[in-house]
Structure formats: structure tokens, C-alpha cells
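One structure is given below, encoded as C-alpha cells.
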Amino acid sequence: MSATARGYCATSDPWVVSNFALATRIDKGKPSFTNHTMSAAPSEKLPDGGAKKAIKLPPTEKSGDVRRRSFIVLSFWAVVVMLGLPFWWYTTSIYRANLPLDRMLEWADGKACQPVLPITVAFEAEGLAAPDAQELVRLTQGMLDQQSDLAAHQIRLQPGNTDDAALTLQFTPGKQMGATLDSREASLKINYPSGTTVSNPSDAAALATYLAQELRAAFAEERAIISHLLNQPLQNQSPETIEALSKRTTRSMRYASTYHLTFSLFTDGPSPSTWDIEEAVDRYMRPMLDILRPIHNFTVDTQLQLYATPGVQSQVLSKEDLSSFINAAEWPLSPSIGGAPTVNFVLFVGNQTIGNAGSDATSQSWMIPQWGTVYLLPLSDSTAHVDSEILRQPMLTFGGHLLTLLGTPQSGSLPLRLSTLTRIRSLDLLLHASSTLGSLARLSISLPSISIPRTVADGVAASLDHLEKACANLGGPEGLYHARIAESEAEKSFFEKSMVGQLYFPDEHKIAVYLPLLGPVGVPLVLGLIKELKGWKQRRKDAKETKDKKKQ
0 MSATARGYCA TSDPWVVSNF ALATRIDKGK PSFTNHTMSA APSEKLPDGG AKKAIKLPPT
60 EKSGDVRRRS FIVLSFWAVV VMLGLPFWWY TTSIYRANLP LDRMLEWADG KACQPVLPIT
120 VAFEAEGLAA PDAQELVRLT QGMLDQQSDL AAHQIRLQPG NTDDAALTLQ FTPGKQMGAT
180 LDSREASLKI NYPSGTTVSN PSDAAALATY LAQELRAAFA EERAIISHLL NQPLQNQSPE
240 TIEALSKRTT RSMRYASTYH LTFSLFTDGP SPSTWDIEEA VDRYMRPMLD ILRPIHNFTV
300 DTQLQLYATP GVQSQVLSKE DLSSFINAAE WPLSPSIGGA PTVNFVLFVG NQTIGNAGSD
360 ATSQSWMIPQ WGTVYLLPLS DSTAHVDSEI LRQPMLTFGG HLLTLLGTPQ SGSLPLRLST
420 LTRIRSLDLL LHASSTLGSL ARLSISLPSI SIPRTVADGV AASLDHLEKA CANLGGPEGL
480 YHARIAESEA EKSFFEKSMV GQLYFPDEHK IAVYLPLLGP VGVPLVLGLI KELKGWKQRR
540 KDAKETKDKK KQ
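Residue numbers 0 to 551, in numbering that gives the first Met the number 0, belong to the letters of the sequence shown in order.
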């Protein structure tokens, strides 16, 4: 008989032994559907006398495996904490150079500098003894200080001729009291009755009052412009004056050290095809450009285009047509060359005229604020060449409009107007640089996450240094030089490329970048750590209970 028939099993496999026992019971006629297992769990009795199926529990985890799994989880977290987080922090940290925010805000609020524009007036008195001239200067200066209504604008009289004088006061005897402002030189000629003596108190007081009145009238426009820049309205200032000051601000171009002048000849037909523009510029524009050289530099180019169609076809141009006359789509008018602002002077040869010209236009020309000038030149169809003599009046018109576009005052001789322009521009640049630094400081405070490169800090330091020098030398060429550098450095720092790009980088964008990356990686790590902590607490609890049972 085989081993199977005798009821013996030759294998030690538990599953085979269990099924072999079941088959043996069936062969003996005692069917049973109880599956014998090797589990140590006891079977529970059911209410009807049967037995519940035994539950197979997982084997007890070895302590070595538990420690190994814990080390694996801890090693992952060690890599994350000790290597991942420092590397992430280093690669994503934002560099913020230290800025002198307090000083920047002080300049923006006008607390760091109280601008004062001293105007030196040379006093030349013929026929007066030196003591009398000094006494008259003292009395006139007292009158000027007493009548002063703007602390930033101060007129200072100096006896004799000085090199840095903005105006020369020529005091000569004559038949009657009178004053004449020279149209070519920066001089004010005062005539007084020959019988007047300074030793007489009444004559001296009358002369001093008259001199102070004429000096204030000579610098009235400059005083009004400075008060407008400082936002300090003068007393008894008319609405017309305020409107003229606002119009000047919107009409003049922003200050630049260099301007590019473009002279363009456009004609609606095949002629003229040549013009003496180089000779005309040298004869009529170059002297004025040379005088402006201490304040601005100029580059010049010319162009000529035939069959140029204007934007308005009407033969008589109304005031509304002037703004759309320029055909920007077809006329090659470059907005800027080399980064310098461009002033356009357009000479159009055609049969169009201006009707009902406004205050800013003549019968042949009009000025476009912050852009340039258009001049209509009527010529016969047979004119093939435009010589320099024909260009004389257009060039003179362009020169006058250029001064207006640069913000030059309208009253006084050209040297006096340029001296006033130097003081106005230096003050304007100082205020603009201070405002830019204040905006940069407020931007840095409001956006803590924005990076501040080292170049920005260096630019701010340079701007503050030149602002202090400009404030100390305000009103002269040196003050204009430092104010120009301060404004340039402040603008360069504020419009730093790396900073401007981060102004449009919201925090929601960071969440959108990090969440898809950290979600799949962080969730398993966190859940694994939580599971290990729970298991560690459970093992401690079981060990404590086992220890307590042993003590009992």
C-alpha cells in the first residue's frame, strides 16, 4: 500500500499537509470542510456549535527591519533638510543691497536741501564815488530782501564787474529816470537825473526803490517759473500767469544733455530736389547752438523726400488740421537716434496755407509741443533748388521754436535767457532726481521680495553725492553739471532691468511653480514620517505595557 493510502504524507509543506488531512477524512467517510492551517490563532465557537474560520495574522516584524525602515525615512528627511533646503535657499534667495532709505526719503520730501538760486548782479556806476556806490548797493539790497516773496530766488548785488554775473546793472547819469533792458547783452541800463546825490537820504531811497523794482521786473518770469517748480505760488499771481506756466511745462521737452535735430524737406511734387541746408544751418542756427553748448549738445542730420503726401489734403488748414498734418505712416521721421531725443523741423513745399491760426502758429508755421515745428514754404513749380537765402526765415523760425521747446524764458536778451535757463534746468533736475530717489525708496519698502542689485546701490550713492554738490552750487554751471549726473544716476537706478522685471512677478506665480513640484515629492515624505512617528509611539506604548505586566 502506498504512503497515501496508509494515511501518511511524505512532505512537510503545511499547505500540502492540511489538504492531505482533508482528503483523508473524506476517504474515511467522514466529510469535513474544516481547513486545518498552521496558524496559532485559536478558533472561536459559533452559537450553533460550529467553529468560526481562523484569521491569519501577518507575521511579527523583526526589530531589525523596523530600524532599517526608520533609517531609510530619516535618511530621506536628512537629505531634504541638510542638503535640499540649503541648496534651494541659496539658489532662490533674493539679493537686496542696502539702500540709504532715510536719506532718499529726506531728499524726496525736501528736507535734505533747501534750494537757493543766488543771482549775482554786477553794479557799475559811472559818476558816483565808491562810498556812494556802496551805499546805494546796500540800500538797494535791503529793498530787494524786504520785497522778496520767494526764498529760493535771491538777487545779490556786487559792486564792480564780476565774471559770474547774470546781469550787469549800468548806472549812468542822464536827464530823467529810466531803465532799458539790452536786447543783445545781459545788461540793464539805468539812467538817473544828473542832479541826484546819494548823500541825500530822499534821493538815495528813491533810487534804491527804483533799482529794486526794475531788477524784480527783469527776473519776474524766472521767479514765476521757479515758484511753479517748487509748487510755491506767489502772492497776487494772475490766473493767466499760472496758465502760461502750465503750458510751458507741457510744451517744453524733457531735459537731455544731447538733442538730435532733424531738418526735413518734404515736397508734394518732383521739385525742388536740392537745398542748401548745410549752409543755412551754419549761417542761421550754428551761432545759437554754440551759445547753448554749455547747457546742451546737438547733433544734426538732414533729409529730403519727393512726392510726400501730407495727412490733410485740404488747401486751407484749420487749427484742428494742424495736429494731423504730419503723415507719420509715410514720412521717415525717426523718433530718436542714439538714445537722444529728436527735435523735428519739417519744411513742407506745397500750396497749402493756414487759416485762423491759433496762438501757437503763424501764417506759415506752427509748433508741435515736445516734437518740433512745421513750416509751409510756398514755391513755384519751376523752383528746382532752395538756396540758403530762401531758407533764412524758416531757419530763424526754427531757432525761436527750439528755444521754446527747450524751456527758455521768453523775456530778456538771449544771454540773459540762457543764464535763466541754466538755473531753471539745474533746479528742475535736482527736484526730479530727488523725486526719483524717493520713488525708489518707497518701491523698495513696499516690495520686500524685489531684488536690489549692487549697481543700484552704487547708483543711488553717486546720485546722493552729486545732489549734495548740486545743492551747494545751485544756479551755476557747476550746479547744472552735478544735477545732470544726479538725475541720470537716479533714473538708471530706478529703471534697472532686473528690478523692473520683478514688478510683475506675483506670489501666486510662485505657488503655481512650486506646488506641482513639491506635491508628488512632499506627500510621500510627510506621510512616511507620520507613519513612522505613530509606529514609534505604539512601540513605546507596547514596551511600557510589557514592562508593567512583568512587574505585576
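Glycine included, C-beta positions come from ideal geometry on N, C-alpha and C.
Since the structure is predicted, the reported quantities are computational estimates derived from the model, not experimental observations.
Please classify residue 322 as buried or exposed, where buried requires at least 16 other C-beta atoms within 10 Å of its C-beta. Locating residue 322 in the sequence shown gives position 323, where the first residue counts as 1. Exposed: under 16 other Cβ atoms inside 10 Å.
(message) Can you list, in chain order, the residues of its chain with a C-beta nearer than 6 Å to that of residue 298? Leave out the 5 residues immediately preceding and following it.
(response) The count along the sequence shown starts at 1 and reaches residue 298 at position 299. Excluding sequence neighbours, residue 298 sits near 259.
Output the distance between the C-alpha atoms of residue 283 and residue 295, rounded to the nearest integer angstrom. Numbered from 1 along the sequence shown, position 284 holds the residue referred to as residue 283. Numbered from 1 along the sequence shown, position 296 holds the residue referred to as residue 295. In a straight line, the C-alpha of residue 283 is about 18 Å away from that of residue 295.
Check your understanding: Just how far apart, CA to CA, sit residue 100 and residue 87?
Key -> Translated into the one-based positions of the sequence shown, residue 100 becomes position 101. Translated into the one-based positions of the sequence shown, residue 87 becomes position 88. Taking the straight line joining both Cα atoms gives about 30 Å.
Review point. Does the distance from the C-beta atom of residue 459 to that of residue 98 stay below 8 Å?
Key: In the sequence shown, the residue the question calls residue 459 occupies position 460. In the sequence shown, the residue the question calls residue 98 occupies position 99. Result yes, Cβ atoms of residue 459 and residue 98 sit closer than 8 Å.
- Query: How do the region 61 to 79 and the region 410 to 423 stand: do at least 3 beta-carbon pairs fall below 8 Å, yes or no?
  - Reply: The region 61 to 79 is not in contact with the region 410 to 423.
Using the Cα positions of residue 376 and residue 363, report the straight-line distance between them to the nearest angstrom.
Locating residue 376 in the sequence shown gives position 377, counting from the first residue. Locating residue 363 in the sequence shown gives position 364, counting from the first residue. So the alpha carbons of these two residues sit roughly 7 Å apart.
Let me know the secondary structure DSSP gives residue 570 once reduced to three states.
-> Because the chain in this structure spans residues 0 to 551, residue 570 falls outside the shown range and cannot be described.
Sort out for me which residues DSSP pairs residue 366 with in a bridge. Translated into the one-based positions of the sequence shown, residue 366 becomes position 367. According to DSSP, which records beta bridges pairwise, residue 366 is partnered with 372.
State buried or exposed for residue 353, treating a residue as buried only when at least 16 other CB atoms are found within 10 Å of its CB. To locate residue 353, count along the sequence shown from 1; it is residue 354. It counts as buried.
My parser needs the beta strand (DSSP E) runs of 3 or more residues fully inside the region 251 to 305; what are they? 257 to 266, 296 to 304
Look up residue 191 in the DSSP assignment and give the residues it is bridged to. The sequence position of residue 191 within the sequence shown is 192, counting from 1. Residue 191 pairs with 172.
Query - CB-CB length for residue 474 against residue 422, believed under 8 Å - result: Locating residue 474 in the sequence shown gives position 475, counting from the first residue. Locating residue 422 in the sequence shown gives position 423, counting from the first residue. Right, the Cβ-Cβ distance comes to about 5 Å (below 8 Å), so this counts as a contact.
CB-CB length for residue 231 against residue 116, believed under 8 Å: Mapped onto the sequence shown, residue 231 falls at position 232. Mapped onto the sequence shown, residue 116 falls at position 117. Not a contact, Cβ separation roughly 13 Å.
Contacting residues, own chain, Cβ-Cβ under 6 Å from residue 170 (five flanking each side not counted): Position 171 of the sequence shown holds residue 170. Only 124, 189 meet the Cβ criterion.
Discussion item. Nearest by alpha-carbon distance to residue 70: which of 195, 542, 527 is it?
Written reply: Here residue 70 is taken as the residue at index 71 of the sequence shown, counted from 1. The option with the nearest alpha carbon to residue 70 is 527.
Note to self: Using the Cβ count rule (16 or more neighbours within 10 Å means buried), how would you classify residue 535?
What the structure shows: For the purposes of this step, residue 535 is identified with residue 536 of the sequence shown, where counting begins at 1. Classification for residue 535: exposed.
**Asked** Buried or exposed: residue 484, going by 16 or more other Cβ atoms within 10 Å of its Cβ?
**Response** For this step, residue 484 is matched to residue 485 along the sequence shown. Classification of residue 484: buried, given that the 10 Å Cβ count is 16 or more.
Please determine if the region 389 to 397 and the region 269 to 288 are in contact, where contact requires at least 3 C-beta pairs separated by less than 8 Å. Counting C-beta pairs closer than 8 Å gives three or more between the region 389 to 397 and the region 269 to 288, which meets the contact rule.
### Query
Between residue 217 and residue 346, what straight-line distance do the alpha-carbon atoms span, to the nearest angstrom?
Locating residue 217 in the sequence shown gives position 218, counting from the first residue. Locating residue 346 in the sequence shown gives position 347, counting from the first residue. Going by the C-alpha atoms only, they are around 35 Å apart.
task = Count the C-beta pairs between the region 157 to 176 and the region 239 to 257 that are closer than 8 Å, then say yes if the count reaches three, no if not.
result = no
Checklist entry - Could you give the uninterrupted runs of the beta strand (DSSP E) lying entirely in the region 103 to 142, keeping only those of 3 residues or more? => result Annotation note: the region 103 to 142 contains the following uninterrupted beta strand (DSSP E) runs of length 3 or greater, listed N- to C-terminal: 116 to 124.
**Asked** Got a sec, what are the start and stop residues for the alpha helix (DSSP H) residue 212 sits in?
**Response** Start at 1 with the first residue of the sequence shown, and residue 212 comes out as number 213. 200 to 217 is the span of the alpha helix (DSSP H), which, as asked, contains residue 212.
### Task
Compute the Euclidean distance between the alpha carbons of residue 60 and residue 66, then round it to the nearest angstrom.
As a first step, residue 60 must be located in the sequence shown, where it is residue number 61. As a first step, residue 66 must be located in the sequence shown, where it is residue number 67. Cα-Cα distance, rounded: 10 Å.
Residue 281 versus residue 341: straight-line alpha-carbon distance, rounded: Translated into the one-based positions of the sequence shown, residue 281 becomes position 282. Translated into the one-based positions of the sequence shown, residue 341 becomes position 342. Spanning the two alpha carbons is a distance of roughly 19 Å.
- Query: Which residue from 151, 159, 406, 220 puts its Cα closest to that of residue 229?
  - Reply: Numbered from its first residue, the sequence shown carries residue 229 at position 230. If we check each option's Cα against that of residue 229, 151 comes out closest.
Q | Check whether residue 307 and residue 265 have beta carbons under 8 Å apart | A | In the sequence shown, counting from the first residue as 1, residue 307 sits at position 308. In the sequence shown, counting from the first residue as 1, residue 265 sits at position 266. A contact, by the Cβ cut-off of 8 Å.
**Item:** For residue 79, the three-state DSSP class (helix, strand or coil)
**Value:** The residue given as residue 79 occupies position 80 in the sequence shown. The answer is helix: DSSP assigns residue 79 an H, G or I state.
Quiz item: Counting contacts by CB-CB distance shorter than 8 Å, is residue 199 in contact with chain D?
Solution: In the structure shown, chain D cannot be found, because there is only a single protein chain.
Is the separation between the beta-carbon of residue 121 and that of residue 178 shorter than 8 Å?
As a position in the sequence shown, residue 121 is number 122, starting the count at 1. As a position in the sequence shown, residue 178 is number 179, starting the count at 1. Contact flag unset, no.
How big is the Cα-Cα spacing for residue 183 and residue 416? Position 184 of the sequence shown, counted from the first residue, corresponds to residue 183. Position 417 of the sequence shown, counted from the first residue, corresponds to residue 416. Going by the C-alpha atoms only, they are around 11 Å apart.
message = Does the structure place the region 129 to 149 close enough to the region 486 to 495 that three or more beta carbon pairs sit under 8 Å?
response = no
- Message: In whole angstroms, give me the CA-to-CA distance for residue 209 and residue 193.
- Response: Residue mapping note: residue 209 aligns to position 210 of the sequence shown, counting from 1. Residue mapping note: residue 193 aligns to position 194 of the sequence shown, counting from 1. Rounded to whole angstroms, residue 209 to residue 193 spans 16 Å at the Cα level.
query: Out of curiosity, what's the CA-to-CA distance linking residue 158 and residue 492?
result: In the sequence shown, residue 158 corresponds to position 159, counting from 1. In the sequence shown, residue 492 corresponds to position 493, counting from 1. Going from the Cα of residue 158 to the Cα of residue 492 covers about 45 Å.
* residue 288 versus 64, 467, 399, 472, residue with shortest Cα-Cα distance -> Translated into positions along the sequence shown, residue 288 becomes position 289. That would be 399, whose Cα lies nearest to the Cα of residue 288.
Take residue 339 as the anchor and find which of 495, 91, 300, 407 has the nearest alpha-carbon. Residue 339 sits at position 340 when you count from the first residue of the sequence shown. Selected option, being the one with the closest Cα: 300.
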